[in-house]
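There are 2 protein chains.
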Amino acid sequence: MSDLLPGPVEVVGAGLVGTSIALACQRAGIDVLLSDTSAEHLRTASGLGAGRPKAPGDVAALVVVAVPPDHLGEAIAAALDTAGEDTVVTDVGSVKAAPLEAVAGHPAASRYVGSHPMAGSERSGPLAASADLFTGRPWAICRHDGASATAVRRVAALVEVCGAVPVMLTPAEHDKAVARTSHVPHLLASLVAGTLTGAAPEHLALTGQGVRDVTRVAAGDPTLYSQIIGGNSKAVAGLLREVRDRLDLALAAVADGDRAGLESLLAHGLAGTRAIPGKHGGPVQAVSAVHVAVPDHPGELARLFADVGASGVNIEDVRIDHDPGRPVGLVELDVAEGRAEHLLAALESKGWVTHR
Amino acid sequence: MSDLLPGPVEVVGAGLVGTSIALACQRAGIDVLLSDTSAEHLRTASGLGAGRPKAPGDVAALVVVAVPPDHLGEAIAAALDTAGEDTVVTDVGSVKAAPLEAVAGHPAASRYVGSHPMAGSERSGPLAASADLFTGRPWAICRHDGASATAVRRVAALVEVCGAVPVMLTPAEHDKAVARTSHVPHLLASLVAGTLTGAAPEHLALTGQGVRDVTRVAAGDPTLYSQIIGGNSKAVAGLLREVRDRLDLALAAVADGDRAGLESLLAHGLAGTRAIPGKHGGPVQAVSAVHVAVPDHPGELARLFADVGASGVNIEDVRIDHDPGRPVGLVELDVAEGRAEHLLAALESKGWVTHR
Chain A
0 MSDLLPGPVE VVGAGLVGTS IALACQRAGI DVLLSDTSAE HLRTASGLGA
50 GRPKAPGDVA ALVVVAVPPD HLGEAIAAAL DTAGEDTVVT DVGSVKAAPL
100 EAVAGHPAAS RYVGSHPMAG SERSGPLAAS ADLFTGRPWA ICRHDGASAT
150 AVRRVAALVE VCGAVPVMLT PAEHDKAVAR TSHVPHLLAS LVAGTLTGAA
200 PEHLALTGQG VRDVTRVAAG DPTLYSQIIG GNSKAVAGLL REVRDRLDLA
250 LAAVADGDRA GLESLLAHGL AGTRAIPGKH GGPVQAVSAV HVAVPDHPGE
300 LARLFADVGA SGVNIEDVRI DHDPGRPVGL VELDVAEGRA EHLLAALESK
350 GWVTHR
Chain B
0 MSDLLPGPVE VVGAGLVGTS IALACQRAGI DVLLSDTSAE HLRTASGLGA
50 GRPKAPGDVA ALVVVAVPPD HLGEAIAAAL DTAGEDTVVT DVGSVKAAPL
100 EAVAGHPAAS RYVGSHPMAG SERSGPLAAS ADLFTGRPWA ICRHDGASAT
150 AVRRVAALVE VCGAVPVMLT PAEHDKAVAR TSHVPHLLAS LVAGTLTGAA
200 PEHLALTGQG VRDVTRVAAG DPTLYSQIIG GNSKAVAGLL REVRDRLDLA
250 LAAVADGDRA GLESLLAHGL AGTRAIPGKH GGPVQAVSAV HVAVPDHPGE
300 LARLFADVGA SGVNIEDVRI DHDPGRPVGL VELDVAEGRA EHLLAALESK
350 GWVTHR
């Protein structure tokens with residue numbers, strides 16, 4: 000591993016993602032240099048053991064640019080300008096075509112390979128960092144036509160050091176992929192959430208788990224997401240036009256009482272949910288839900304999961320639905336189809352109030 | 000309770016919701032009469048102890064119509080036609096203006112009060128029924144102008160017997176409320192999910208938790224939801240036009256590079272997420288997420304929640320994010336802000352790999 004990724008690694012931008020990468024490298028025994036425009040971030044990240052501030056004369060084998068989306072292009076170009084002639088540069092921004100354009104004419108562009116780890120947190124800053132942030136997460140590696148094989152190998156080695164799963168995509172493919180799997184869903188979730196502002200409280204009293212799920216991502220920072228989504232304008236606008244056309248079809252079907260048309264649109268959506276990769280990248284597994292009423296105080300979830308564990312049934316997913324009027328939560332346990340009856344019987348024998 | 004809700008209660012339609020209501024009534028000592036066009040459903044529900052098949056000459060104090068959306072109007076009218084002169088009729092359909100229109104001219108319309116329990120399951124049929132299906136759930140009671148006070152009281156008594164939380168709304172208000180909190184979110188989730196059909200597998204490899212959350216409800220039965228959404232066409236179409244107009248604004252902002260406009264739309268969505276009622280109907284509580292890597296086999300979740308329980312920190316929500324390439328799941332625990340550090344320290348002391 001250290002053959003493919005010799006030190007030191009320089010991390011530009013000691014926020015959540017940059018500091019987490021630095022911690023993963025240090026854990027693997029790779030020397031890390033840190034730089035940040037914020038002296039406080041630099042001090043905090045160094046204090047966490049993520050590396051030492053970069054000094055004049057330091058030359059990195061790999062520079063990882065982890066700055067906000069709007070500053071990626073200039074920061075990547077600056078890294079190519081100032082680094083050694085064998086230094087490879089990558090970035091971890093969530094769009095890939097725009098930063099590449101910013102460095103496409105650079106004489107050292109062959110030493111740049113963009114990348115994008117699919118991990119984050121609603122928290123930010125170095126204090127939220129962890130060497131395990133990327134464990135098992137997809138991490139896109141986006142080589143452009145002029146990238147050198149050495150550069151690609153070195154970035155792949157970083158992904159391996161971080162415990163992530165490499166996904167090879169061209170920059171343009173990557174941007175189309177995240178428009179579909181992240182940016183357009185985020186925008187639509189935000190539009191749905193927007194309809195809830197100003198609604199009467201007695202109307203919102205009917206809010207169930209469904210709309211909470213749909214709108215959860217819309218709680219993200221508007222400034223950050225306007226940079227992310229705005230930085231991928233071409234792919235997002237193209238897909239958003241398709242969604243707008245289908246929304247017009249849905250509106251016409253609803254307004255005209257065209258049940259068959261409405262059902263066909265909903266069936267198209269159902270097919271889409273089945274296209275999402277399942278556990279461990281395999282096909283989606285058919286699951287059944289088991290609902291359990293759980294008193295809302297510490298220890299009850301532990302008791303529940305002890306009883307679930309004793310039943311031998313593996314849990315695929317869990318949700319907690321706090322109901323609005325009572326000191327009880329409804330826990331939804333998703334289990335493989337065919338295992339629900341066994342789990343229900345096991346939990347009921349322990350006194351839990353359940354239903355499917 | 001039995002003064003306000005004398006027996007027998009007749010349940011028309013022994014599916015999931017009807018049979019669950021019947022079981023709740025029987026548990027409260029109220030005699031239940033069952034009817035269903037399916038002899039098999041009737042036999043199953045009776046066998047579960049939900050009541051006895053209605054016989055000629057039986058007269059109910061309350062008829063609960065629990066048939067599919069497209070048959071509600073005729074079934075309510077039939078119940079008013081054939082029931083006793085003191086019999087109150089309600090239904091549990093998910094739209095309320097359309098069935099009311101169907102019986103508005105009926106001479107006994109004063110004995111009808113529509114209602115809507117906010118509970119269900121992806122399962123259907125009497126075998127999935129439970130007397131606890133409605134515990135703690137909102138249940139809208141939708142009196143129309145001509146409804147008698149006796150009728151309203153009797154339906155409210157049913158809601159209480161079922162352990163649900165009554166929410167008083169006019170039929171028109173109810174339909175606007177569910178368009179906003181359920182039908183339009185469902186449609187938009189379905190449109191987002193539809194964009195995933197036919198996407199390249201290597202693009203879908205970047206799928207994260209966000210798009211899974213956004214599209215989860217779109218896995219619902221298209222036939223049922225086309226009836227539900229199509230039956231609320233006026234309220235849905237009105238709100239859907241508002242969403243379409245905002246989508247056009249979003250599209251223009253993205254295509255024109257108008258970052259401020261995009262950020263403003265996203266900020267509007269963020270405000271909407273904060274309008275959703277929190278735990279127990281109170282204000283939304285600020286939570287922090289703690290992520291824990293959990294080996295993917297039975298018993299590990301039990302061990303985790305035992306350690307969580309021992310820490311004394313209450314869990315507000317749980318999600319499991321199965322990552323695509325590894326035999327490990329990431330469990331996200333949401334806890335009150337200010338409790339995350341304590342939980343992290345407690346879990347790390349037990350050997351768990353965590354990050355915020």
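Chains as they are written, first to last, in numbering that gives the first Met the number 0: chain A, 0 to 355; chain B, 0 to 355. In this text, a Cβ means the ideal position worked out from N, Cα and C, and glycines have one as well.
Cβ of LEU132(A) within 7 Å of any chain B Cβ: Taking the first residue of the first sequence as 1, we reach residue 132(A) at position 133. So yes, LEU132(A) belongs to the interface.
CB contact flag (VAL357(A), ASP131(B), <7 Å): The shown model of chain A, from 0 to 355, leaves out residue 357(A), and the question about it has no answer.
Any chain A beta carbon closer than 7 Å to HIS202(B): Taking the second sequence and counting its residues from 1, one reaches residue 202(B) at position 203. Yes, contact with chain A.
Below-7 Å beta-carbon distance, THR18(B) vs any chain A residue: Within the second sequence, the letter at position 19 stands for residue 18(B). So, not an interface residue.
Under 7 Å (Cβ pairs) to chain B, residues found in the segment 13-38 of chain A: Listed by position along the chain: nothing, the set is empty.
8 Å Cβ cut-off: residues of chain B touching GLU241(A): Here residue 241(A) corresponds to residue number 242 of the first sequence, with the count starting at 1. Simply THR194.
Euclidean distance between Cα positions of ASP85(B) and ALA60(B): Translated into the one-based positions of the second sequence, residue 85(B) becomes position 86. Translated into the one-based positions of the second sequence, residue 60(B) becomes position 61. Rounded to whole angstroms, the separation of the alpha carbons of ALA60(B) and ASP85(B) is 7 Å.
Which residues DSSP lists as bridging ILE314(A), in chain order: Position 315 of the first sequence, counted from the first residue, corresponds to residue 314(A). BP columns for ILE314(A) point to VAL334(A).
Three-state secondary structure (DSSP) of THR353(B): For the purposes of this step, residue 353(B) is taken as residue 354 along the second sequence, with counting starting at 1. Correct three-state label for THR353(B): strand.
Classification of ARG240(A) by the beta-carbon crowding that lies within 10 angstroms, buried from 16 upward: In the first sequence, the residue the question calls residue 240(A) occupies position 241. So ARG240(A) ends up on the exposed side.
Beta-carbon spacing of LEU3(A), ALA156(A) below 7 Å: As a position in the first sequence, residue 3(A) is number 4, starting the count at 1. As a position in the first sequence, residue 156(A) is number 157, starting the count at 1. Yes, they are a contact pair.
Chain B within 7 Å of LEU187(A), Cβ atoms only: The residue you call residue 187(A) lines up with position 188 of the first sequence. It does; some Cβ of chain B falls within 7 Å.
DSSP three-state assignment for PRO276(B), whether helix, strand or coil: Looking up residue 276(B) in the second sequence gives position 277. Residue state, collapsed to three classes: coil.
As assigned by DSSP and simplified to three states, the class of ASP257(B): Position 258 of the second sequence holds residue 257(B). ASP257(B): coil per DSSP, three-state reduction.
C-alpha gap between GLY281(B) and VAL62(A), whole angstroms: Here the question's residue 281(B) lines up with position 282 in the second sequence. Here the question's residue 62(A) lines up with position 63 in the first sequence. The predicted model places GLY281(B) with a pLDDT of 49, which falls under 50 and marks its position as unreliable, so this point remains unresolved.
Sub-7 Å separation of LYS53(A) and LEU22(A) beta-carbons: Taking the first residue of the first sequence as position 1, residue 53(A) is located at position 54. Taking the first residue of the first sequence as position 1, residue 22(A) is located at position 23. No; because the gap between Cβ atoms is not below 7 Å, this pair is not in contact.
For ASP90(B): DSSP bridge partner residues: Residue mapping note: residue 90(B) aligns to position 91 of the second sequence, counting from 1. Answer is VAL64(B).
DSSP bridge partner residues for ALA139(B) (one or two, in chain order): Indexing the second sequence from 1 puts residue 139(B) at position 140. Bridge partners of ALA139(B): HIS115(B), VAL166(B).
Nearest-angstrom Cα separation, counted from GLY311(A) out to GLY298(B): On the second sequence, residue 298(B) is found 299 positions in, with the first residue counted as 1. On the first sequence, residue 311(A) is found 312 positions in, with the first residue counted as 1. The alpha-carbon atoms of GLY298(B) and GLY311(A) are separated by roughly 8 Å.
Expected contact under 8 Å - CB spacing of GLY209(A) and VAL216(B) to nearest Å: As a position in the first sequence, residue 209(A) is number 210, starting the count at 1. As a position in the second sequence, residue 216(B) is number 217, starting the count at 1. Rounded, the Cβ-Cβ distance is 4 Å, consistent with contact.
Residue-level contact to chain A via CB, ALA96(B), 7 Å cutoff: In the second sequence, counting from the first residue as 1, residue 96(B) sits at position 97. Not an interface residue.
Cβ-based neighbour list, MET167(B), same chain, cut-off 6 Å, excluding 5 preceding and 5 following: If you number the second sequence from 1, residue 167(B) lands on position 168. Correct list, in chain order: ILE140.
Alpha helix (DSSP H) segment containing PRO184(A), residue limits: Position 185 of the first sequence, counted from the start, is the residue given in the question as residue 184(A). PRO184(A) -> alpha helix (DSSP H) spans 183-193.
Range covered by the beta strand (DSSP E) that runs through VAL289(A): The residue given as residue 289(A) occupies position 290 in the first sequence. Here the beta strand (DSSP E) through VAL289(A) covers 286-294.
Exposed unless 16 or more other CB atoms sit within 10 angstroms - verdict on GLY46(A): By 1-based counting over the first sequence, the position of residue 46(A) is 47. Label assigned to GLY46(A): exposed.
VAL88(A) vs ALA78(A) beta-carbon contact at 7 Å: As a position in the first sequence, residue 88(A) is number 89, starting the count at 1. As a position in the first sequence, residue 78(A) is number 79, starting the count at 1. Yes, the Cβ-Cβ distance between VAL88(A) and ALA78(A) is below 7 Å.
Host beta strand (DSSP E) of GLU100(B) (start-end): Reading the second sequence from its first residue, position 101 is the one you call residue 100(B). No beta strand (DSSP E) contains GLU100(B), which is instead part of the alpha helix (DSSP H) from 96-102.
Candidates ALA192(A), LEU190(A), GLU172(A), of which the one nearest ALA413(B) by Cα: Missing from the structure shown is residue 413(B); chain B here goes from 0 to 355 and no further.
Own chain partners of VAL91(A) with C-beta closer than 8 Å, once the 5 adjacent residues on each side are dropped: The residue labelled residue 91(A) in the question sits at position 92 within the first sequence. Hits under 8 Å: VAL16, GLY17, ILE20, VAL63, VAL64, ALA65, SER114, HIS115, PRO116.
Beta-carbon gap between PRO221(B) and ALA266(A) smaller than 7 Å: As a working note, residue 221(B) is residue 222 in the second sequence. As a working note, residue 266(A) is residue 267 in the first sequence. In this structure, ALA266(A) lies closer than 7 Å to PRO221(B) by Cβ.
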